[in-house]
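Below you'll find the structure, written out as structure tokens, and then a few comments.
Residue numbers (this note's numbering): 147 to 722.
Next up, the structure:
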């Protein structure tokens, strides 16, 4: 029976071909690779001799590496592990060069002529080869370009004159006579015949042509007695001085004229200034008299005296017009329109100034490092070759990001506010429909660097490095209620990873950004950071910073180094 069983088994073995055996081996290898029981786990970590987790007293050396050297030196003489590595007890076996050569001589002989020892089985293989990839033809990325449309404020000025205009409407002319209502003779020392009121004004008064306007009592000198040519008894008497108002020159005496009931009006002639400030909103900034000396002018027979007859005005003005500077972006086939943002603050009715946002490709940058695509190594047996499969770890990049996140969180922890990944608020300004534009966008050089502050230039550098997130735009300066200057508000962080965590993390936990005018770029609280799910975030942008660009696999170089070192050892000691 035993012989029959062995014979049957022999038949089964004989029936298994080389191809079937190779396939069985491949299937077993794939099954073992997929066996989760063979993958690293917490249980298997616990089986590692001496492993005690990550919370160890030696963590203090993280912030004090110099202490590690001091403590290590102090414990070197007593530490068993250190003694084992350095063979402190000299108990490790040693081998002479002759013993090494004797032990490896059979293998060396087979390597020199393998076909002699394979008994007809041919084995061989080839190493993988790598071919450089052609330059990428895709876009270098995109940035947001902006333009404006709406009401434009143009600043200007006006200079004009406003002369004084005087109008006179003539009234009624009166003739005024003054006379003395007493009589004296030469014998009395003063003959006033030519100045007496009577009888000269008796008839004009009686006819109504003249009428008494005023009467004033005065004293006049007389002489009571004379001797020869001298008055030896002077005296005074009282009399009246009368003023008559006549409609015509009624008597042949001196008179004064008076116009009564006339109207004098005056105003500034604003016509020149109205024309100079038409269709503008102007504010008077200065007014100067250009005829400063007081002068008297006769207007319609009436003398008019004024301190100034002409003024010059200076205005600062603003003109409004509807315009747009979006023609270039509208006509750029590479850019696509995204949205409109109203800059009115607050917006009342229709938007007066809006900002249009476009998505445009970044300009070409410097050539990237060469990248390669590599074929797998090939193993051959009797002419049947198999490509050695190597599966890249899909979890490696996520693990690296997680480690960097923890490291950055420690570096950027704010002990005062108990937050992580806090940012810094930065702004740049742009003149609406003007030349100054200090907000170029990521990857685009500043258009007017001479008009930008040092802080704005620094912001542009940080944005180009991917450290900043644009919160939005707001109006920072208005004239007549119309926005003339806008600002872009950014939150800039200590690393690109911190920016990605902030932008995508806020969306995860519903922590919205504030308004661009007030956002302060606060970090995550410890509780908020614990709620983040890093596995759902896209870290493609930062993977290249954690791993080198695609190139020849490191393991190929490492194996080559090992082979050269072994060969060098044999070359050095082979003759001894």
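Beta carbons are placed, not taken as given, at the ideal position from N, Cα and C, and that holds for glycine.
Please read all numbers here as calculations on a predicted model, not as lab measurements.
Close beta carbons around residue i, own chain, < 8 Å, minus the five adjacent residues each side
{"i": "residue 341", "result": "325, 326"}
{"i": "residue 200", "result": "none"}
{"i": "residue 472", "result": "293, 294, 295, 502"}
{"i": "residue 184", "result": "178"}
{"i": "residue 418", "result": "306, 307, 308"}
{"i": "residue 666", "result": "571, 660"}
{"i": "residue 328", "result": "338, 342, 366, 383, 385, 386"}
CB contact flag (residue i, residue j, <8 Å)
{"i": "residue 598", "j": "residue 621", "result": "no"}
{"i": "residue 426", "j": "residue 287", "result": "no"}
{"i": "residue 382", "j": "residue 365", "result": "yes"}
{"i": "residue 412", "j": "residue 312", "result": "yes"}
{"i": "residue 494", "j": "residue 297", "result": "no"}
{"i": "residue 361", "j": "residue 388", "result": "yes"}
{"i": "residue 318", "j": "residue 444", "result": "no"}
Straight-line Cα distance separating residue j from residue i
{"i": "residue 163", "j": "residue 254", "result": "31 Å"}
{"i": "residue 697", "j": "residue 481", "result": "For residue 697, the predicted model reports a pLDDT of 45, less than 50, meaning its position is unreliable; a value from the coordinates is still stated below. If you take the alpha carbons of residue 697 and residue 481, they lie about 34 Å apart."}
{"i": "residue 484", "j": "residue 632", "result": "19 Å"}
{"i": "residue 436", "j": "residue 316", "result": "29 Å"}
{"i": "residue 224", "j": "residue 181", "result": "43 Å"}
{"i": "residue 671", "j": "residue 626", "result": "43 Å"}
{"i": "residue 681", "j": "residue 559", "result": "22 Å"}
{"i": "residue 166", "j": "residue 174", "result": "12 Å"}
{"i": "residue 404", "j": "residue 320", "result": "5 Å"}
{"i": "residue 395", "j": "residue 355", "result": "9 Å"}
{"i": "residue 647", "j": "residue 486", "result": "27 Å"}
{"i": "residue 203", "j": "residue 674", "result": "29 Å"}
{"i": "residue 655", "j": "residue 686", "result": "21 Å"}
{"i": "residue 802", "j": "residue 332", "result": "Since the first and last residues shown for the chain are 147 and 722, residue 802 lies out of range."}
{"i": "residue 688", "j": "residue 569", "result": "18 Å"}
{"i": "residue 283", "j": "residue 478", "result": "Bear in mind that the predicted position of residue 283 carries a pLDDT of just 48, short of 50, making it unreliable; the figure below should be weighed with that in mind. C-alpha separation (whole angstroms): 20 Å."}
{"i": "residue 453", "j": "residue 439", "result": "6 Å"}
{"i": "residue 593", "j": "residue 707", "result": "51 Å"}
{"i": "residue 213", "j": "residue 221", "result": "12 Å"}
{"i": "residue 257", "j": "residue 241", "result": "23 Å"}
{"i": "residue 247", "j": "residue 239", "result": "16 Å"}
{"i": "residue 604", "j": "residue 209", "result": "31 Å"}
{"i": "residue 154", "j": "residue 170", "result": "Residue placement at residue 154 is flagged as unreliable, the pLDDT there being 44, under the threshold of 50; the coordinate-derived value follows with that caveat. Answer to the nearest angstrom: the Cα atoms are 21 Å apart."}
{"i": "residue 374", "j": "residue 336", "result": "16 Å"}
Close-in-space but distant-in-sequence residues of the same chain around residue i (CB under 6 Å, 5 per side omitted)
{"i": "residue 402", "result": "322"}
{"i": "residue 649", "result": "615"}
{"i": "residue 414", "result": "308"}
{"i": "residue 172", "result": "none"}
{"i": "residue 300", "result": "465"}
{"i": "residue 442", "result": "449, 451"}
CA nearest to the CA of residue i, picked from the options
{"i": "residue 629", "options": "258, 294, 204, 240", "result": "294"}
{"i": "residue 346", "options": "300, 397, 385", "result": "397"}
{"i": "residue 386", "options": "423, 230, 359", "result": "359"}
{"i": "residue 434", "options": "564, 455, 240", "result": "455"}
{"i": "residue 587", "options": "580, 579, 575", "result": "575"}
{"i": "residue 668", "options": "475, 349, 565", "result": "565"}
{"i": "residue 578", "options": "602, 571, 624", "result": "624"}
{"i": "residue 368", "options": "378, 374, 361", "result": "378"}
{"i": "residue 683", "options": "651, 656, 689, 673", "result": "651"}
{"i": "residue 660", "options": "595, 571, 593, 352", "result": "571"}
{"i": "residue 446", "options": "251, 410, 505, 168", "result": "410"}
Close-in-space but distant-in-sequence residues of the same chain around residue i (CB under 7 Å, 5 per side omitted)
{"i": "residue 694", "result": "Note that residue 694 scores a pLDDT of 48, beneath 50, so its modelled location is shaky; the value from the coordinates is reported in the next line. Nothing meets the Cβ criterion."}
{"i": "residue 711", "result": "none"}
Rounded distance between the beta-carbons of residue j and residue i, thought under 8 Å
{"i": "residue 314", "j": "residue 460", "result": "Going by Cβ atoms, the distance from residue 314 to residue 460 rounds to 31 Å, so no, they are not a contact pair."}
{"i": "residue 662", "j": "residue 635", "result": "4 Å"}
{"i": "residue 608", "j": "residue 638", "result": "5 Å"}
Within-8 Å CB hit, residue i to chain D
{"i": "residue 348", "result": "This model lacks chain D altogether, as it is built from one protein chain only."}
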